[in-house]
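Visitor: So the protein sequences, as listed, match chains E and Z.
Quick note: the first sequence uses this note's numbering, first residue 347, plus one each step.
Quick note: the second sequence uses this note's numbering, first residue 347, plus one each step.
Protein chains: 2
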Amino acid sequence: MAVKTAASQRARRAGSAAAEAGALGGRADHKWVYRFDEGGQEMRALLGGKGAGVAEMTRAGLPVPPGFTITTEACIAYLANRGTFPAGMWVQVEAHLAGLEAAAGRRLGDPADPLLVSVRSGAAFSMPGMMDTVLNLGLTPETLEGLAARTGDRRFALDAYRRFIQLFGKIVLGLDPEPFDLALEAAKRRARAKTDADLPVPALEGLVAEFRTLVHRGSGRPFPDDPREQLRTAIGAVFGSWNGRRAIAYREYNRIAHDLGTAVNVQMMVFGNMGQTSGTGVAFTRDPSTGQRHLYGEYLLNAQGEDVVAGIRTPQPISALKRAMPEVYREFERIAQRLEAHYRDVQDMEFTIERGRLFMLQTRTAKRTAAAAVRIAMDMLSEQTLSREEALQRVEPEQVDQLLHRAIDPSARVQVLATGLAASPGAATGQAVFDADRAQALAAAGTAVILVRVETNPDDVHGMIAAEGVLTARGGRTSHAAVVARGMGKPCVAGAEEVAVDLRRRRFVAGGVTVREGEVFTIDGSTGRVIAGRVATVEPSVSGDLRRLLGLADQVRRLRVFTNADTPEDARRARQFGAQGVGLCRTEHMFMEADRLPHVQAMILADTVEERQRQLAKLLPFQRQDFIGILEAMAGLPVIIRLIDPPLHEFLPNHDDLLVEVTRLRERHGAPRRLERAERMLAAVERLREQNPMLGLRGCRLGLLFPEIIAMQARAIAEATATLRQRRVRAMPEIMVPLVGHVEELRRSRQLIESTLHDVAREQGVRLPIKIGTMIEVPRAALTAAAIAQVADFFSFGTNDLTQTVFAVSRDDAEGKFLNRYVAEGILAANPFEHLDADGVGRLMGIAVAEGRQARPDLELGICGEHGGDGPSIAICEQLGLDYVSCSPFRVPGARLAAAQARIAGPRGSTA
Amino acid sequence: MAVKTAASQRARRAGSAAAEAGALGGRADHKWVYRFDEGGQEMRALLGGKGAGVAEMTRAGLPVPPGFTITTEACIAYLANRGTFPAGMWVQVEAHLAGLEAAAGRRLGDPADPLLVSVRSGAAFSMPGMMDTVLNLGLTPETLEGLAARTGDRRFALDAYRRFIQLFGKIVLGLDPEPFDLALEAAKRRARAKTDADLPVPALEGLVAEFRTLVHRGSGRPFPDDPREQLRTAIGAVFGSWNGRRAIAYREYNRIAHDLGTAVNVQMMVFGNMGQTSGTGVAFTRDPSTGQRHLYGEYLLNAQGEDVVAGIRTPQPISALKRAMPEVYREFERIAQRLEAHYRDVQDMEFTIERGRLFMLQTRTAKRTAAAAVRIAMDMLSEQTLSREEALQRVEPEQVDQLLHRAIDPSARVQVLATGLAASPGAATGQAVFDADRAQALAAAGTAVILVRVETNPDDVHGMIAAEGVLTARGGRTSHAAVVARGMGKPCVAGAEEVAVDLRRRRFVAGGVTVREGEVFTIDGSTGRVIAGRVATVEPSVSGDLRRLLGLADQVRRLRVFTNADTPEDARRARQFGAQGVGLCRTEHMFMEADRLPHVQAMILADTVEERQRQLAKLLPFQRQDFIGILEAMAGLPVIIRLIDPPLHEFLPNHDDLLVEVTRLRERHGAPRRLERAERMLAAVERLREQNPMLGLRGCRLGLLFPEIIAMQARAIAEATATLRQRRVRAMPEIMVPLVGHVEELRRSRQLIESTLHDVAREQGVRLPIKIGTMIEVPRAALTAAAIAQVADFFSFGTNDLTQTVFAVSRDDAEGKFLNRYVAEGILAANPFEHLDADGVGRLMGIAVAEGRQARPDLELGICGEHGGDGPSIAICEQLGLDYVSCSPFRVPGARLAAAQARIAGPRGSTA
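Dropping the structure here:
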């Protein structure tokens, strides 16, 4: 969201500047045209992205084919004048054309040695739907002969000519492309040519004639044989395409201002297919897979750019050019170094060699793998190309996440059955199982399984723990399956809608393949792929460079990074990953384990306080042991333990299953005692069932109605702390009360907790200075933060629930049903469960931060929602001045980096 | 909540003032004691409520038994000094006692003609748990004889003495009351006395001796026979009771500061039981039932206050006193007039006549019926006792509500089976029915029925429409049943938990009585009573006074009052009640009607847009007719129509019923086609079903996913308007988009609506300047109001949903499960669904109002939640500067009054 908003603001600024300039339309002395070497990156609004880029390369002294750019202002003036070039523009174009001819040593329309040019549109933002590229402009029946003569290759010249006519007809004149394609196909059939390149000269001559006729027939006018008229028409068409339907729709959709206009670039054509001293290629200044520092790429001799892509011939590695054309190679190497130094980043370059002469066509910052990004950043820091802060900004936090997971071997051939959401990274292979109990049983027997469900709920957690990975057909990146799996660091593909899960028959069908229970398949949670069979995987390589990068991040960042961990294993893992505490230790998963659930259920179904307390007394030792484990794993670091949060019916059997069972047993009249038991349980579940459990009896509300539950949990925490004290382990628990909306809820919860802590302290003869704080996850809590801060030692923003209530959107319901469509259709710029919503949720957090801190200056502030591991959200947390972010263990390293980046961006970053 | 907050702030202010004064504890020259005629109402903090009240009466020149008040400051000093009276206090008490003796013409402890006094506590706030009253202080074995001699009634004197010992022992010395009660019972048994009054002199003498022994044994010291010691002990005990357990608990609970202290009142005893020239009584300055202007009350000769209450003898009407004691009556009449004039309100007075001398013991503002309140206010305005503004403030808006409903005849004897919540006022009698279909069928056949459900949901609405009233066993005052019934102006008792509803056997059991389907019973929605059989009712009397009152309210108020109405009948009724527009016309109830539901369901289940449009086309004429009806009923006034809001599955059959049906059919293997149909419907319902429908696919989200639904509704509205234009009816629809959270949702909805309106305008050749606005019911909408206001012509606060999301509380789930307990236990001061929460929801509304208006100064602002008919909530709306409130038709008159009161209270009213 931040990016788009910033971009759109830039667009508006640029737009209004351009609009002002548009008023200059009538002034002939205004400068409408720039030579490439007159521009640069900073003139993007005026010259468009392409024009600015090519100007920058020219200015860097690179061998770029010469040319010039007609400004966006000219476009605006043209459109305002209803299709008339602004006064003075054409004169300037003519003058620049003359300069270009001088630089090229050829003239446009010269029958002996014609200059050919390309004409390209280029707005400030890359924009589909606008006129793209016309190549070979300047060809006419006369200049064709000159080109043929000069190149000594009539076939080449004819092919260039027919391509030009075709493109000009389709793009400039807006003709239906189909007759051209049909004519080409027919010609190939007649000539028995496999590819376009196999067409012989006579066939091409016929095709040129046919294309000229098609243009005449389609446009009502003969094909223009005056190169200047070609150029004038093409420029007008580029300008006009700014107001084309698709371009307008695209701008509407992306909220780009309509008054920006597009520039037009006119550039000399160069040809890589003029024999064995010509060629074309692409190369990177460093290896984009590994980050290693050497030229990496490939080229083809006697070929055009599209031939490399088409894959008809196998290109040579760039190193072969060293032998083939040593001087060209040396020059290219020098240019590559200069480009990298100029842009201070790895470049992805396109080049053409025309008869031994090297031309640079394009350079851009290279995309790279996560591993390469880390290595490149660290190498460039060592090379003193980048400062520490710059190096830190060269790696995306998500790339760090990716590095910490097992991946599908990139060289393996795979059969993709379906693609869902990349919900939790990493690859997993195992037998398909369709319910959690079976997953647990098989895993206990040592079988690797993948749990397949339509969607998961808390009843499935034990199965998720047992499984290697999770596949769901429904739900988004923040569905239960995704959130829990990410928390466990377990691969998950969620919302794979093409996967038809048939729970009754215990199988799924996807991509025409049926996978039955027990059959092995693979998921790739990093890409969302569901893959047939077993696939080779590669171990994550946490290289020394990553460690160095994160060490630098730690030096820079202000935000501490905590983890969300419910088990000692999670806590230990997170600690290895650099977690500085546990920001959220949920206690309800502990209740779900098989040896406790019966007591939990009996406690819930208890009719009297005494019976409830009896069951809680049985749970106490379990909870104490849980807390001893996690507090020991985090010895010396704070562990924020959240008291029980979910509605109680989550611990009871599924309602619909019970209803079906009761109905069946009633129909069968066979098992009166079983029926009675089932009916009793059904009645209990129906009593506890809620229409909107998310807004129901849960969180601190539970504890206020059943104080004995809170008391048991507080006692377990206190006793665990006392036990560890005796072992000289520095346990630092803090107690967090969930779902507080009114200060009185926290005050009473706090009294209850403190009284239990005092009891234990007295019993054990120790001091137990345990902080007590609250989640801020209910809007009312944020709105009344000043009051709440008076009884809270800390606030922890539960931004999952806060987002749900601020938007009035239930995450689980919404993602599949409308949230994804909202994002796809641009109603929302991003899924607010992935990236914190600055305007709504962020604003509310800001109120709570300001008023909470004012009421209590030492109030500790953190975030423990899923957003705590998300880069853009961490940037908002930095701006809000929180003390820490907390996220799942595997996201801790990425969060460390993101926190450093947020710090570098400063308090008034891009999202402000 | 506002009230409590304000009270508690006052308490704190008073408390800190008192605390400062407490520091004066050592200063003997400080004034610790006030004669009654030195004080007044404004000295409540210092003299306590009781002391200030009796001072006010004394100051008004009434014959109040003389006395003095020891200040709350003295109490604080006493407690700070660990139980020592502050220096100078006792000296001042002695001096005031001497003054009292002079005024009374008797001396404390005088064996011949003793002065007796009462000692009463009196804090600034009435507070249970504190020492209350000790009567007859000053009696000793010696003064007993004097009293007996003076009154000539030894029995009376002995009875007074034994009462004094009993009270002193129990209250001042804190002894167990049980032995005293047992001794009294035993004495009565022995003397064969039916009541205490029947005890003969010897028995009383024995009892006095026994009581003295009980005190000695219980306290370890003999009963004090020095009246000054009695007084000193009693004063200390009153002071000490401030820190009693129950008093502290009460203050904790009510958040009253602990440092306020209590005052002590010492007052001369007077006796109404000194023969036939003595008596006691209570009277009102006007009839509290009708408001008629004449003395109204009753008295008993030769009796004490408690005899009137005990009902042993039948009291005489106050008019009889005119004949019995004409001078006393005249004096009382004069006093009554003076009191009413002094307090400028009807007074409820207690008096005692001691041997022909009239004493006023207490006066307070009289409680009165709704009808009396209205009449008194209008009469006192006519009498020029009250200004228009004051008269308007003398009637509660709820009293106006009450006047508009049929009521149980107050003289009827009724058998109350259970008491639930008074959810929608009025009485109804009818046959019990247990499902909506049967209710509809019976009602269609002319039978009056009451719909009995555990709770209702939208499926029951047609049954509610058909029924005379609704009874539910679950749910609160703002449950579905309550809200819908109130909207319909239909009596409803909700959440009657003692009513055990057995839907299968079609009966309910309550109060030991079983009511089967078809049996007649009665509900009283004004009191919450469920009553056996048929009961006589009385018609509401909308008197001329009420009309006059509301007319005055209309002159004063700034807020307009709209109504929530879905049907022409509702709209017409509300218009008669003074509604100035429709603030919320829900369109979904229209979808629920029997002739439309099949099309609605087919529309929902449609697989293609075309099929959906086909079904919508069938619904269009229905909707158009609906809108013609309501727009015609409100001709000339605005009608804000909300587009479809509820989740679609609300229109489909109940999920659990379907699941049971499918399971049964599967077990029976008998009806494959029925099974298939049921399975298909079940699958559809499961697809649409949501975990938290309140936060799911509803409101504008529906319209953005299925634009054809919005288009149909907009077309229906536009065509209805055009049709009425042709009939020269001034239709003024406005279109409201529900559940907007992001400006983009509203922008796109608006585009869609506008384009439909344009289409219809073009087709029909009319102008359709229809305003388009939005509900503000999602926190994010309020937080981003500035952006949303740019595409909204109006905001309407949907405070039901806003309260749900701001609190993260689902109304339907919460009321029965924890919200009622929250209120009962004081965690929340009020149910936020009944009274708008100023701190959370109100604050958020304030943000939206300020930023919305700033962005768009002509933005129209209103509220359409249930709060729109609630007095305290209307006060908040006035402070927020809204333009109108909207409520159900029957609450419109009350809202008119509340709006006037809010205006009078001004922008900085009690809730600020």
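Just so you know, even glycine gets a beta-carbon here, dropped at the ideal spot from N, CA and C.
Just so it is clear, the structure is predicted and the values come from calculations on it, not from any experiment.
(1) Can a CB atom of chain Z be found closer than 8 Å to the CB of T1009 of chain E?
(2) Would you say A583 of chain Z and L560 of chain Z are within 8 Å of each other, going by their C-beta atoms?
(3) Tell me, which residues are paired with T709 of chain E by DSSP?
(4) Starting from the Cα of L896 of chain Z, find the closest Cα among Z:L513, Z:A469, Z:G520, Z:A1246 and give me that residue.
(5) Tell me which residue opens and which closes the alpha helix (DSSP H) that E1206 of chain E is part of.
(6) In angstroms, rounded to a whole number, what distance separates the CA positions of T873 of chain Z and V829 of chain Z?
(7) Assuming A1131 of chain E contacts I1222 of chain E (C-beta within less than 8 Å), just tell me the rounded distance between them.
(8) List the DSSP bridge partners of I416 of chain Z.
(9) Looking only at DSSP bridge pairs, what is F1141 of chain Z linked to?
(10) On the three-state DSSP scale, how would you describe F1236 of chain Z?
(11) Would you verify that the beta carbon of M949 of chain Z is, or is not, closer than 8 Å to some beta carbon of chain E?
(12) Compute the beta-carbon to beta-carbon distance between M834 of chain Z and A917 of chain Z, rounded to the nearest angstrom, for a pair I have assumed lies under 8 Å.
(13) Is H751 of chain Z near the ligand NAP - that is, is its Cβ less than 7 Å away from at least one heavy atom of it?
(14) Under the DSSP definition of a beta bridge, which residues are partnered with Q662 of chain E?
(15) So, using beta-carbon positions, are V816 of chain E and L797 of chain E closer together than 8 Å?
(16) Would you tell me roughly how many angstroms separate the C-alpha atoms of M1040 of chain E and N1038 of chain Z, rounded to the nearest one?
(17) What is the rounded straight-line gap between the Cα of V1238 of chain Z and the Cα of P999 of chain Z?
(18) Which residue comes first and which comes last in the beta strand (DSSP E) that contains D870 of chain E?
(19) If I measure Cβ to Cβ from R1012 of chain E and keep anything under 8 Å in the same chain, skipping five residues before and after, which residues do I get?
(20) Measuring CB to CB, does L989 of chain Z end up less than 8 Å from M1078 of chain Z?
(21) On a Cα-Cα basis, can you pick out the residue from Z:A819, Z:F867, Z:L1148, Z:R823 that is closest to D848 of chain Z?
(22) Quick check on T626 of chain E - is its C-beta less than 8 Å from some C-beta in chain Z?
(23) Pull up the CB-CB distance for L553 of chain Z and R509 of chain Z, whole angstroms please, since I reckon it's below 8 Å.
(24) List the DSSP bridge partners of L504 of chain E.
(25) Please say whether M476 of chain E and W378 of chain E have beta carbons closer to each other than 8 Å?
(26) Among the candidates E:F1141, E:P967, E:S467, E:D1158, whose CA atom is the shortest distance from the CA of L1034 of chain Z?
(27) List in chain order: all unbroken alpha helix (DSSP H) runs of 4+ residues lying wholly within the region 1002–1045 of chain E.
(28) Please list the partners that S1095 of chain Z has in chain E, where partner means a Cβ-to-Cβ separation under 9 Å.
(29) Can you check whether the CB of V1124 of chain E is closer than 8 Å to the CB of G1087 of chain E?
(30) Is DSSP giving A1245 of chain E helix, strand or coil here?
(31) So what does DSSP say about N1146 of chain Z, is it helix, strand or coil?
(32) Count the other C-beta atoms from every protein chain shown that fall within 10 angstroms of the C-beta of H640 of chain Z, then say buried if there are 16 or more, exposed otherwise.
(33) On the criterion of 16 or more Cβ atoms from any shown chain inside 10 Å, does P1115 of chain E qualify as buried, or is it exposed?
(34) Return no unless some Cβ of chain E is closer than 8 Å to the Cβ of I1173 of chain Z.
(35) Any residues in the region 1040–1063 of chain Z with a beta carbon nearer than 7 Å to a beta carbon of chain E? Which ones, in chain order?
(36) Can you tell me the Cα-Cα spacing of A812 of chain E and K516 of chain E, whole angstroms?
Guide: To lay it out plainly:
(1) Judged by the 8 Å Cβ criterion, T1009 of chain E is in contact with chain Z.
(2) Going by C-beta atoms, A583 of chain Z is not nearer than 8 Å to L560 of chain Z.
(3) The partner list for T709 of chain E (beta bridge, DSSP) reads E:M695.
(4) Comparing Cα-Cα distances from L896 of chain Z to each of Z:L513, Z:A469, Z:G520, Z:A1246, the minimum goes to Z:A1246.
(5) Following the DSSP letters along the chain, one finds E1206 of chain E in no alpha helix (DSSP H) but inside the beta strand (DSSP E) bounded by residues 1206–1209.
(6) Here the alpha carbons of V829 of chain Z and T873 of chain Z stand approximately 16 Å from one another.
(7) With 8 Å as the limit, A1131 of chain E and I1222 of chain E do not qualify as a contact, their Cβ atoms being about 17 Å apart.
(8) The beta-bridge partner set that DSSP reports for I416 of chain Z consists of Z:V379, Z:V610.
(9) In the DSSP output, where bridge partners are listed per residue, F1141 of chain Z has Z:T1120, Z:L1207.
(10) Note: F1236 of chain Z maps to helix in three-state DSSP.
(11) Using a CB distance cut-off of 8 Å, M949 of chain Z does not count as an interface residue toward chain E.
(12) In this structure, M834 of chain Z and A917 of chain Z do not form a Cβ contact; the two beta carbons are roughly 13 Å apart against a cut-off of 8 Å.
(13) Only the bare structure without any ligand can be found here, which leaves the ligand NAP out of the picture.
(14) According to DSSP, Q662 of chain E bridges with E:Y645.
(15) Cβ atoms of V816 of chain E and L797 of chain E: closer than 8 Å.
(16) Whole-angstrom Cα-Cα distance: 7 Å.
(17) In this structure, the CA atom of V1238 of chain Z is about 35 Å from the CA atom of P999 of chain Z.
(18) It spans 866–870 - the beta strand (DSSP E) in which D870 of chain E sits, taken as one unbroken run.
(19) Within the same chain, and ignoring the five residues on either side of R1012 of chain E in sequence, the residues whose Cβ sits closer than 8 Å to its Cβ are L1021.
(20) In this structure, M1078 of chain Z does not lie closer than 8 Å to L989 of chain Z by Cβ.
(21) Out of Z:A819, Z:F867, Z:L1148, Z:R823, the CA that lies nearest to the CA of D848 of chain Z is found in Z:A819.
(22) Closer than 8 Å: no.
(23) Not a contact, Cβ separation roughly 10 Å.
(24) Bridge partners of L504 of chain E: none, in fact.
(25) No. Outside cutoff.
(26) Nearest Cα to L1034 of chain Z within the set E:F1141, E:P967, E:S467, E:D1158: E:D1158.
(27) Listed in chain order, the complete alpha helix (DSSP H) runs (minimum 4 residues) inside the region 1002–1045 of chain E are 1018–1034.
(28) Close to S1095 of chain Z, with beta-carbon spacing below 9 Å, lies no residue of chain E; the smallest spacing is near 10 Å.
(29) Contact: yes.
(30) The answer is helix: DSSP assigns A1245 of chain E an H, G or I state.
(31) Note: N1146 of chain Z maps to helix in three-state DSSP.
(32) The residue is exposed, with fewer than 16 neighbouring Cβ atoms inside 10 Å.
(33) Counting Cβ neighbours within 10 Å, P1115 of chain E comes out exposed, since fewer than 16 surround it.
(34) At a cut-off of 8 Å between beta-carbon atoms, I1173 of chain Z makes contact with chain E.
(35) For the region 1040–1063 of chain Z, the beta-carbon criterion of a distance under 7 Å to any beta-carbon of chain E is satisfied by M1040, L1041, G1042, L1043, R1047, L1050, L1051.
(36) Whole-angstrom Cα-Cα distance: 59 Å.
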